[in-house]
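Chains A and B, in that order, give the protein sequences.
In terms of my numbering, the first sequence has 137 at position 137, counting the first letter as 1, and numbering is strictly consecutive.
To convert, take the position in the second sequence, counting from 1, and add 390; that gives my numbering.
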Amino acid sequence: MKFKDTGFWAIFRQCFTGYATMPVYWVGVFILPLFLFLFLGSLMREGLPEKAPAAILDLDHTSLSRNITQNLASMQMVDMVAAAESYTQARHLMQEGKIYGYFLIPEGFTADLLAGRSPQITFYTNQTYYVPATMLYKTFKTTAVYTKMGILMEVARDAGLDTSGLAGTANPVSPVMRPIGNPWLNYAYYLCNGFIPGALQLMILLITTFTLGEVVKYGRSGRLMRMADGNIVKALAAQLLPQTIAWVCIVLLMESWMFRYNGYPMNGSWGWLTLSEIMFVLASQALGVFIFCLLPNLRLSVSISALLGIVTFSIAAYSFPVPSMYPGIAIFSYIVPARYNFLIYVDQALNGIDIYYSRLWFVAYLIFMALPLPLLWRIRKAYLKPVYLP
Amino acid sequence: MNRIKESVKTFLDAFAAQMSVVFRDQGILLILGFLTFGYPILYSLIYNPELVRDVETVVIDHDRTALSREAVRRMDATQYLKVLGYAADLPEARRAVNEHKAYCIIEIPENFERNATGGEGTQMVLYCEMSLLLRYRSMLTAAIDVSQAMGADLSARTLDGEVPGAASLLVEDPLGIHSVFLGDTTGGFASFVMPGILILILQQLICLMCGLSGGARHEYPLELGFTPLARRPHTLAKMLGEMLCFYIISLPVAIWLIHYVPMIFSFPQAGDVWQEMLFITPLILSSICLGFVLQGIVWQREGIFVIWVVTSLVFLFLSGLTWPYYAAPRMWQYVADALPATWGVQGFILMNSNGSSLTQVAHFYHNLWWLTLGYSLVAYCVQRWIVRPDVRRRYIMDAGTAQDADTTAASES
Chain A
1 MKFKDTGFWA IFRQCFTGYA TMPVYWVGVF ILPLFLFLFL GSLMREGLPE KAPAAILDLD
61 HTSLSRNITQ NLASMQMVDM VAAAESYTQA RHLMQEGKIY GYFLIPEGFT ADLLAGRSPQ
121 ITFYTNQTYY VPATMLYKTF KTTAVYTKMG ILMEVARDAG LDTSGLAGTA NPVSPVMRPI
181 GNPWLNYAYY LCNGFIPGAL QLMILLITTF TLGEVVKYGR SGRLMRMADG NIVKALAAQL
241 LPQTIAWVCI VLLMESWMFR YNGYPMNGSW GWLTLSEIMF VLASQALGVF IFCLLPNLRL
301 SVSISALLGI VTFSIAAYSF PVPSMYPGIA IFSYIVPARY NFLIYVDQAL NGIDIYYSRL
361 WFVAYLIFMA LPLPLLWRIR KAYLKPVYLP
Chain B
391 MNRIKESVKT FLDAFAAQMS VVFRDQGILL ILGFLTFGYP ILYSLIYNPE LVRDVETVVI
451 DHDRTALSRE AVRRMDATQY LKVLGYAADL PEARRAVNEH KAYCIIEIPE NFERNATGGE
511 GTQMVLYCEM SLLLRYRSML TAAIDVSQAM GADLSARTLD GEVPGAASLL VEDPLGIHSV
571 FLGDTTGGFA SFVMPGILIL ILQQLICLMC GLSGGARHEY PLELGFTPLA RRPHTLAKML
631 GEMLCFYIIS LPVAIWLIHY VPMIFSFPQA GDVWQEMLFI TPLILSSICL GFVLQGIVWQ
691 REGIFVIWVV TSLVFLFLSG LTWPYYAAPR MWQYVADALP ATWGVQGFIL MNSNGSSLTQ
751 VAHFYHNLWW LTLGYSLVAY CVQRWIVRPD VRRRYIMDAG TAQDADTTAA SES
């Protein structure tokens, strides 16, 4: 069977073979993304990091203070690794990074309590480490509040009061938190659903600009344009289609890996989410082409892709919300496709709301796809008259 | 003696050649400029508001009493929440959340006032949109603060109702509970994340510079003045010369990153800057050596981007900044142990935010020196047995091509 040596499929075939023989494509398209899936999945398997190392600083040494210590040690979120003898020692342990917080029961605690001299429980958390500090704060606070309640109840009972109604008096308004969609407060859901598509967008941008630039760098662009009969759309489409197919496979794998295999919350329609993932690939590729239109040079376009791709992790607001950013910075969160991927995930998978509310995010994908069209002539020019600047 | 002289000459030549590569290569200068100034400033600006304030909130008040209105007013008065308005029922409030106008719904049950003041106790339900953890943190803090403050006031009022003046007599709390934040004392996000990110930026900058210059040498050995044909290779002297070049470039960058950036954006700065510089030294050296190892697999200048940039994300997670080191599976702890940034980030944030001295972070400091030793050995092997033969081969090939071109030109003329 003889193949034609010009036209769309000829370029497609040639590029496909070219990619398959270059290790950088295997690494960029398959090995790194798959590694990331496995890495993040296994790193955060627990969902919530338990057992934050902490210390107790019991200067009272009475049965009551030992009781509190035991209560603390039995809590799920902490690991009481040390019993410090002095305040300085506890601080040193923290400064050495061995513990993330400590709980201080002062000297004469029980005696002061019984005499009504109002002693104070103090707990210290090292906020330099956000996650362990939050776990410790919660545990310490709960223990302290329960200790106080217990003491109040005891005093009241000793005074001969009816304690059944006391709980309501001591704590008249209690807040009840109802976290919609993630009642387990699973940390992996936040991180993976943002950072993995963000990483894929980075790889798509890099590989797209790398492919387009490499053709110029190694002087293959003239021949490519001849094969495409001088039609730049045909040339680009045939060059990028093999990658589109590979990326779509990767995002679908990602979708099933996250929402099926790892059981991340999926409260909406699989169809819309899948459509979003596929459009995300096309939008990211189009953004890559757009960057190359602006800077038709391998090194510059790859550098800009890398820089934009890394900034995406912050600017797409996976951790710090857009309304809290400075307005001048916040507008930039909308210039990357990964932001829309995240918004659609929130609407469709996490909250499971009607597609009507996500309509604008899909339109944004379409705008990304249209972005390079008015500037394709720049690539055509660069392909026909290649100038490679080292 | 001659050999020592030759080594010194190789060392100086390598230093000068590397300097000229770095300052003539647009790609390296772009990365150097952007990672030194662009990223730290951009990231700091993104996170600089520090706290998530005024999360948009909708209220459903089934009670409609003075006390329920007071509860809403108190919630609105915290810096964490902003009440947009009232909704009649849950579906209406939910619609506001769906339209991305609000992120929190407060539902106050019927008989709120009666139960709160009557001794039964009551609840205040907060429905939280969970796309971001920081937003949840703000809602939770507001709820806890307001309920505790209201609780204290109500208890006092109840007491006063039974025995007039009792609350004012009961000046002291029977047991005080006091929480102290250490390190990042305001609990701000930028102050938490940025010191670690700065160290990661430093490591990645150094690795990228080394990788890019390795790729450049591979591609244009002739133009960059390398002489890989010398009989004695003096690989060690050459490597040390190049290391010195990168060290001299990294030093001002490091001072800027660990001292001036935190100063400009008011991040915690509890440490002694001289001790921090001492701590950072093995981090810079081990990163340079890691970059030299990378030169063994980078054959193309742009290739380093494709394989190295995304690792920043992996290193961020391994460093223990977002996901604590102790909670990582053993296998990933081993991988993290092999990275300069892991020890660098942990040690630096302890020094910078918690005011630890160099002796207190000796464990991290020693590990950084061990890494420097390990990577310099591997880097030597890579430079000697992979990079040098390759550059030599390319050099001969290029020189051959250049000679061919010369002969052709001569014969044509």
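In this text, a Cβ means the ideal position worked out from N, Cα and C, and glycines have one as well.
Please read all numbers here as calculations on a predicted model, not as lab measurements.
Val-536 (chain B) and Arg-464 (chain B) look like a contact to me (Cβ under 8 Å); what is the Cβ gap, rounded to whole Å? 5 Å
Residues near Tyr-345 (chain A) in its chain [Cβ-Cβ closer than 6 Å; skip 5 each side]: Asn-193
What residues of chain B sit near Ile-56 (chain A), judged by a beta carbon separation below 9 Å? Result: empty, since nearest Cβ-Cβ is about 15 Å, beyond 9 Å.
My understanding is that Val-735 (chain B) touches Gly-586 (chain B), with C-beta atoms under 8 Å, so please give their C-beta distance in whole angstroms. 4 Å
Out of A:Gly-101, A:Met-44, A:Leu-34 and A:Tyr-19, state which residue places its alpha-carbon closest to the alpha-carbon of Tyr-715 (chain B). A:Met-44
Closer than 9 Å, Cβ to any Cβ of chain B: which residues of the stretch 63 to 83 of chain A, in chain order? Asp-79
Can you name the residues of chain A whose CB is closer than 9 Å to the CB of Asn-488 (chain B)? Asp-347, Asn-351, Ile-353, Asp-354, Tyr-356 and Tyr-357
Closest Cβ-Cβ distance between Ile-786 (chain B) and chain A: below 8 Å? no
Residues of its chain near Val-251 (chain A), where Cβ-Cβ distance is below 6 Å and the 5 sequence neighbours each way are ignored: Glu-277 and Val-281
Go to Gly-604 (chain B), then tell me how far its alpha helix (DSSP H) extends in each direction, as first and last residue. 579 to 609
Run of the beta strand (DSSP E) containing Gln-513 (chain B), from where it starts to where it stops: 512 to 519
Take Tyr-25 (chain A) and list the residues in its own chain whose beta-carbon comes closer than 6 Å to its own, dropping the five residues that flank it on each side. Tyr-19
Can you check the stretch 752 to 787 of chain B for any alpha helix (DSSP H) of at least 4 residues that lies completely inside it and give the ranges in chain order? 752 to 772
Straight-line CA distance for Lys-148 (chain A) to Asp-60 (chain A)? 16 Å
At a CB-CB cut-off below 7 Å, which residues of chain B make contact with Glu-46 (chain A)? Ala-717
Going straight from the alpha carbon of Ile-807 (chain B) to that of Val-145 (chain A), what length do you get? Nothing can be reported for residue 807 (chain B), as the shown portion of chain B is limited to 391 through 803.
Determine the contact status of Leu-340 (chain B) and Leu-673 (chain B), defining contact as a CB-CB distance below 8 Å. Outside the displayed span of chain B (391 to 803) sits residue 340 (chain B), for which this structure offers no information.
Take every Cβ of the stretch 46 to 63 of chain A, pair it with every Cβ of the stretch 77 to 85 of chain A, and state whether three or more of those distances are shorter than 8 Å. yes
Give every residue of the same chain whose Cβ lies closer than 6 Å to the Cβ of Asp-5 (chain A), excluding the five residues on either side of it in the sequence, and list them in chain order. none
Residue range of the beta strand (DSSP E) that Ile-404 (chain A) falls in? Outside the shown range of chain A, which is 1 to 390, sits residue 404 (chain A), and nothing can be said about it.
Contact between the stretch 503 to 516 of chain B and the stretch 414 to 426 of chain B is defined here as three or more beta-carbon pairs at a separation below 8 Å; is this criterion met? no
Residue range of the alpha helix (DSSP H) that Val-700 (chain B) falls in? Segment: none, Val-700 (chain B) is in no alpha helix (DSSP H) and carries neither H nor E.
In terms of DSSP beta bridges, what is Asn-126 (chain A) paired with? B:Leu-572
Considering only the beta carbon of each residue, do Ile-421 (chain B) and Leu-595 (chain B) sit closer than 8 Å? yes
Residues near Val-696 (chain B) by beta carbon distance below 7 Å, same chain, minus five either side: none
Start-to-end residues for the beta strand (DSSP E) that takes in Val-336 (chain A): Premise fails: Val-336 (chain A) is in no beta strand (DSSP E) and is neither H nor E.
Consult DSSP for Gly-509 (chain B) and reduce its assignment to one of helix, strand or coil. coil
Between Leu-602 (chain B) and Gln-690 (chain B), what straight-line distance do the alpha-carbon atoms span, to the nearest angstrom? 8 Å
Take Asp-354 (chain A) as the anchor and find which of A:Ser-174, A:Ser-269 and A:Val-302 has the nearest alpha-carbon. A:Ser-269
Which same chain residues, not among the five before or five after Thr-400 (chain B), have their C-beta less than 6 Å away from its C-beta? His-624, Ala-627 and Lys-628
Given a cut-off of 8 Å on the beta-carbon distance, is the pair Leu-740 (chain B) and Gln-95 (chain A) in contact? yes
Measuring CB atoms only, is the stretch 295 to 303 of chain A touching the stretch 212 to 223 of chain A, in the sense that at least three cross pairs come out at less than 8 Å? yes
Can you tell me the Cβ-Cβ gap for Leu-544 (chain B) and Ile-151 (chain A), rounded? I've got them flagged as a contact below 8 Å. Not quite, the Cβ-Cβ distance comes to about 20 Å (not below 8 Å), so this is no contact.
If you follow the beta strand (DSSP E) that Lys-472 (chain B) is in, where does it begin and where does it stop? 471 to 476
What residues from the stretch 665 to 677 of chain B come within 7 Å of chain A, judged by C-beta to C-beta, listed N to C? none
Counted within 10 angstroms of its Cβ, other Cβ atoms place Thr-17 (chain A) as buried (16 or more) or exposed: exposed
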